[in-house]
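Position 168 of the sequence shown, counted from 1, bears residue number 179 in my numbering, the numbering being contiguous throughout. For glycine and all other residues, C-beta sits at the position ideal for the given N, C-alpha and C. These figures come from a predicted structure and were not determined experimentally. Okay, structure first, notes after.
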Amino acid sequence: MPSFWEQVNKVLREADIIIEVLDARMIEETRNKEVEDKIQKYGKQMLYVITKSDLVDQKTAEQAKKTLTPSVFISAKERFGTTILKKKILELSRGQPVVVGVVGYPNVGKSSLINALGGKHKAKTSSESGYTKGVQKIRISPKILLLDTPGVFPNKEKDLAKHGKIGAVDYSKIKDPEVAALTLINEESEAMRDYYDVSGEDAEEVLEKIAFKFNKLSKGGLPNLEIAARLVLKDWQTGKIKPCTY
Ligand SMILES: Nc1nc2c(ncn2[C@@H]2O[C@H](COP(=O)(O)OP(=O)(O)OP(=O)(O)O)[C@@H](O)[C@H]2O)c(=O)[nH]1
Ligand SMILES: [Mg+2]
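So, in structure tokens, the structure goes:
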């Protein structure tokens with residue numbers, strides 16, 4: 012099977028419109044500049060779709076809308092924004108039949124978005140990142156054919172902590188969960204405090220307290236930071252912890 016990037020490249024070349032799917036909690040971090048550069052190079056029409064908007068407040072949504080155009084806010088979970096998105100696609104294609112490629116980082120919600128748009132042939136989804144392995148065609152209306160693609164991140168990007176935060180690498184598979192979790196605790200300290208109801212001088216102390224609180228202990232009763240780190244990454248990646256935006 013061709014690599015994930017090879018498959019995405021083919022879709023970028025062949026589709027008429029490209030949807031870049033972004034996670035509303037981490038909009039800038041889930042923008043794939045390598046994908047965006049290619050879209051520009053091929054002269055394709057791009058549409059930003061910001062999904063998981065059920066996890067952020069309205070203010071965040073409105074701010075992002077101003078900077079990214081054209082963009083549509085949706086929640087696949089709550090089936091919000093899907094009608095507007097279909098309308099937007101038809102507006103961009105001037106009512107003509109159109110092939111739309113759906114691309115983005117792993118686990119941002121590409122397949123869920125396609126399902127929310129009402130495809131009869133459902134795209135398979137999972138909380139595990141890297142789930143979609145090949146391009147799938149899903150017709151959502153007589154005029155709109157969607158291409159679901161495997162998630163990719165920029166080749167040059169080796170930022171493991173970021174990949175843990177945005178869920179591009181699954182919490183169960185991440186190689187250095189402590190580094191990723193400590194970075195996340197630092198960046199989202201208020202959200203972490205609210206969710207776990209613990210506080211500490213620094214991220215490490217917070218992680219230790221989480222380990223104690225959830226009984227993630229090694230022999231001898233010491234906190235098992237690796238297991239606690241995976242718990243934090245899991246809660247974040249699955250959307251249990253909502254970011255503080257004020
Ligand atoms: N809260 C919330 N969760 C969502 C939403 N859309 C998707 N998810 C969750 O995000 C996770 C990933 O969803 P997928 O649709 O499989 O993501 P994907 O981009 O296709 O992932 P890959 O195929 O692995 O690249 C799943 O656990 C979904 O339940 C949404 O609108 N709101
Ligand atoms: Mg998928």
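Sub-7 Å separation of residue i and residue j beta-carbons
i, j, result
"Ser138", "Thr62", "no"
"Ser140", "Asn118", "yes"
"Ala192", "Leu156", "no"
"Thr160", "Val114", "yes"
"Pro234", "Phe223", "yes"
"Asp181", "Leu171", "no"
"Ala26", "Gly112", "yes"
"Ser122", "Thr93", "no"
As assigned by DSSP and simplified to three states, the class of residue i
i, result
"Thr263", "Because residue 263 is not part of the residues shown, which for the chain are 12 to 257, the question remains open."
"Arg150", "strand"
"Phe91", "strand"
"Ser86", "strand"
"Thr62", "strand"
"Ile252", "coil"
"Pro234", "strand"
"Glu219", "helix"
"Val67", "coil"
"Gly141", "coil"
"Val119", "coil"
"Leu158", "strand"
"Met37", "helix"
"Gln56", "strand"
Same chain, Cβ closer than 6 Å to residue i, five either side skipped, listed in chain order
i, result
"Lys49", "Leu23"
"Lys253", "Leu66"
"Ile238", "Lys227"
"Tyr206", "Ile252"
Closest residue to residue i among the options (Cα-Cα distance)
i, options, result
"Val60", "Thr80, Leu66, Lys44, Gly178", "Thr80"
"Asn197", "Val111, Ser210, Asp187, Ala35", "Ser210"
"Val163", "Ala202, Leu96, Leu103, Thr41", "Thr41"
"Asn43", "Asp68, Glu189, Lys173, Lys184", "Lys173"
"Thr71", "Glu39, Ile95, Gln51, Ala127", "Glu39"
"Ala127", "Leu242, Leu96, Gly106", "Leu96"
"Leu101", "Tyr142, Ile151, Thr136, Gly120", "Ile151"
"Lys184", "Glu199, Leu242, Val217", "Leu242"
"Lys52", "Gln74, Asp208, Ile29", "Ile29"
"Ala280", "Val32, Pro153, Leu218", "Missing from the structure shown is residue 280; the chain here goes from 12 to 257 and no further."
"Gly106", "Gln74, Lys154, Asp68, Lys88", "Lys154"
"Gln56", "Trp16, Pro13, Leu103, Met12", "Leu103"
"Arg90", "Ala75, Lys76, Ser64, Glu73", "Ser64"
Distance cut-off 6 Å: residue i Cβ against heavy atoms of ligand 2
i, result
"Ser122", "yes"
"Tyr116", "no"
"Thr80", "no"
"Thr143", "yes"
Any non-hydrogen atom of ligand 1 closer than 6 Å to residue i Cβ
i, result
"Leu66", "yes"
"Ser86", "yes"
"Ser140", "yes"
"Thr194", "no"
"Lys251", "no"
"Gly162", "yes"
"Ser183", "no"
"Thr62", "yes"
"Thr136", "yes"
Sequence-distant residues of its chain with Cβ nearer than 7 Å to residue i (five each side left out)
i, result
"Glu45", "Pro165, Asn166"
"Gln18", "Gly145, Val146, Thr160, Pro161"
"Glu215", "Leu193"
"Lys220", "Val209, Gly211"
Sequence-distant residues of its chain with Cβ nearer than 8 Å to residue i (five each side left out)
i, result
"Lys99", "Leu58, Pro81, Val83"
"Asn20", "Lys49"
"Ser229", "Asn235"
"Ile268", "For residue 268 there is no data in the structure shown, the boundaries of the chain being 12 and 257."
"Glu199", "Trp247, Ile252, Pro254, Cys255"
"Glu201", "Cys255"
Closer than 7 Å to chain D by CB, residue i
i, result
"Lys121", "Absence of chain D from the displayed structure is noted, only one protein chain being present."
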